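Beneath this line is the structure, given in structure tokens, with notes to follow.
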Amino acid sequence: MRDSQRLDWLNRTRCQIDRCSIISCPIGEIPCRPDYYFQQSALKETKQLFPEYKEIYSEVQQINLQRLDQAWKRWLVPDKTGKKFGRPRFKKSGKLRSLSFSRVNHPKAAVKFDDKQIMISRFGAIPVIVHRPIPDGFTIKTAIITKKADGYYISFSLEDKSVPSLIPTDNIKTAVGVDVGLKEFLTTNTGETVSVPNFYRKAQSNLARKQSKAARKEIGSNNWQKAQNKIARLHQHIARQREDFHYKTAHKLVKEYDLIAVEDLNIKGLAKNTKLSKSIYDVGK
């Protein structure tokens, strides 16, 4: 390749900011950081360029931009404790598993809910199984629709301004200290222990069989997708077993003691030990 051809190729393929050092030319002014307000103002133009975006409710797009902006800020700017979060990663099509709506049962809201069904803009009426009724006096503020392995879930955030804030009490009659571990899930200062249930290890052989079957399928085919769904359902079952165990154990302690002291462990740091990481995550949530 001649020098003129090489320079022509570099001029056509170089990045505006990270230019090759063999070309001596000034770098243009770097545009401002595209924060939420910058991208929100470009939504109308984006819909003109990509007509499929018109099928998505505008409120959902705006909230997704807010989530993206918050993720970048958490990575760039530490919180009050000095902790920084990881760098946001690109999510390809199909990986977004939740949609947020900032208004519910509002005249212009995309989501309306009654006791038996929800009305979603562009989808219509969808029957739902209500886990528990909305308490009297509470107002539904936001809604999040989440796709999980066994179906779709909608969760609401509620508000009731008449509910008083919790006030800590100094009248402590019973207290307990809790030490968590790997051989025993927890040990109290009174000598009481709770065994580790090992939900993941008990399901490991079943999980290995399902993963082996999925590995023999053609990636992207319907059978491959069905096999992946079975794996996801098993992981969901394990997670729910673990969560149920945690809630029941915590409920028992809260019911018996007024004050519970527990060590604040760095789980991610402990899990860096490759010989113990599986056991640590099997105990944790």
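Under the working numbering, the residues of the sequence shown are numbered 14 to 298, in order.
Built from N, CA and C at the ideal position, the CB exists for glycine as well.
Here the structure is a predicted model, which is why all the values come from computation and not from measurement.
Pairwise C-alpha distance: P210 and D128:
Sequence index remark: in the sequence shown, residue 128 carries index 115 (1-based). Sequence index remark: in the sequence shown, residue 210 carries index 197 (1-based). Straight-line Cα distance between these residues: approximately 37 Å.
Extent of the continuous beta strand (DSSP E) to which L171 belongs
Translated into the one-based positions of the sequence shown, residue 171 becomes position 158. Its beta strand (DSSP E) spans residues G164 to E172.
Leaving aside the five residues before and after V193 along the sequence, list all residues of the same chain whose C-beta is less than 6 Å from its C-beta, in chain order.
Against the sequence shown, residue 193 aligns to sequence position 180. Here the set comprises L199.
What is the rounded straight-line gap between the Cα of I30 and the Cα of F126?
Here the question's residue 30 lines up with position 17 in the sequence shown. Here the question's residue 126 lines up with position 113 in the sequence shown. Residue placement at I30 cannot be trusted, given a pLDDT of 48 that sits under 50; what the coordinates show is reported in the next sentence. In a straight line, the C-alpha of I30 is about 49 Å away from that of F126.
In whole angstroms, what separates the C-alpha of Q238 from that of L247?
Mapped onto the sequence shown, residue 238 falls at position 225. Mapped onto the sequence shown, residue 247 falls at position 234. Approximately 14 Å, taken between the alpha carbons.
With D192 as the anchor, note down where its beta strand (DSSP E) starts and where it stops.
In the sequence shown, the residue the question calls residue 192 occupies position 179. Counting along the chain, the beta strand (DSSP E) containing D192 begins and ends at A188 to V193.
Taking just the CA atoms, how far does K261 sit from R222?
As a working note, residue 222 is residue 209 in the sequence shown. As a working note, residue 261 is residue 248 in the sequence shown. Each residue's alpha carbon lies about 31 Å from the other.
Which residues does DSSP pair with K125 in a beta bridge?
If you number the sequence shown from 1, residue 125 lands on position 112. K125 is bridged to M132.
Along the chain, where does the beta strand (DSSP E) containing L272 start, and where does it finish?
Along the sequence shown, one-based indexing puts residue 272 at 259. From DSSP, the beta strand (DSSP E) with L272 extends over L272 to V275.
Tell me whether P64 sits in a helix, a strand or coil according to DSSP, three-state version.
On the sequence shown, position 51 is the one that residue 64 refers to. Residue state, collapsed to three classes: helix.
Does the structure place the stretch 102–119 close enough to the stretch 61–77 that three or more beta carbon pairs sit under 8 Å?
yes
Sub-9 Å separation of Y49 and D82 beta-carbons
Looking up residue 49 in the sequence shown gives position 36. Looking up residue 82 in the sequence shown gives position 69. It is a contact, given that the beta carbons lie within the stated cut-off.
From the DSSP output, in three-state form, read off I30 for me.
Along the sequence shown, one-based indexing puts residue 30 at 17. Low confidence applies to I30: its pLDDT is 48, below 50, so where it sits in the model is not reliable enough to give any reading.
Would you check if the stretch 222–231 and the stretch 267–278 touch, i.e. whether three or more CB-CB distances between them fall below 8 Å?
no
Considering only residues of the same chain and omitting the five flanking positions on each side of K291, which have a CB-CB separation below 7 Å?
Locating residue 291 in the sequence shown gives position 278, counting from the first residue. Contacts found: none.
To the nearest angstrom, how far is it from the Cα of V207 to the Cα of Y66?
Looking up residue 207 in the sequence shown gives position 194. Looking up residue 66 in the sequence shown gives position 53. The straight-line gap from Cα to Cα measures roughly 52 Å.
Assign L89 to one of two classes, buried (16 or more other C-beta atoms within 10 Å of its C-beta) or exposed (fewer than that).
As a first step, residue 89 is located in the sequence shown; it is residue number 76 there, counting from the start. Per the 10 Å Cβ criterion, exposed.
Quick check on the burial criterion: 16 or more other C-beta atoms within 10 angstroms. Buried or exposed for F63?
The sequence position of residue 63 within the sequence shown is 50, counting from 1. F63 is exposed by the Cβ-count criterion.
Going by DSSP, what residue range makes up the alpha helix (DSSP H) through A263?
Position 250 of the sequence shown holds residue 263. Segment N235 to E269, the alpha helix (DSSP H) holding A263.
Three-state class that DSSP yields for T205 in the structure shown:
For the purposes of this step, residue 205 is taken as residue 192 along the sequence shown, with counting starting at 1. Before going further, note that residue 205 is Glu rather than Thr in the sequence given. Reduced to three states, the DSSP call for E205 is coil.
Here's the rule: buried if 16 or more other CB atoms are within 10 angstroms of the residue's CB, otherwise exposed. What is F136?
As a first step, residue 136 is located in the sequence shown; it is residue number 123 there, counting from the start. Exposed, because fewer than 16 other Cβ atoms sit within 10 Å of the Cβ of F136.
Quick check on Q155: does DSSP put it in helix, strand or coil?
The residue given as residue 155 occupies position 142 in the sequence shown. Before going on, a small fix: residue 155 reads as Thr here, not Gln. In this structure, T155 counts as strand in the three-state DSSP scheme.
Is E231 helix, strand or coil by DSSP?
Start at 1 with the first residue of the sequence shown, and residue 231 comes out as number 218. DSSP places E231 in coil when its eight states are reduced to three.
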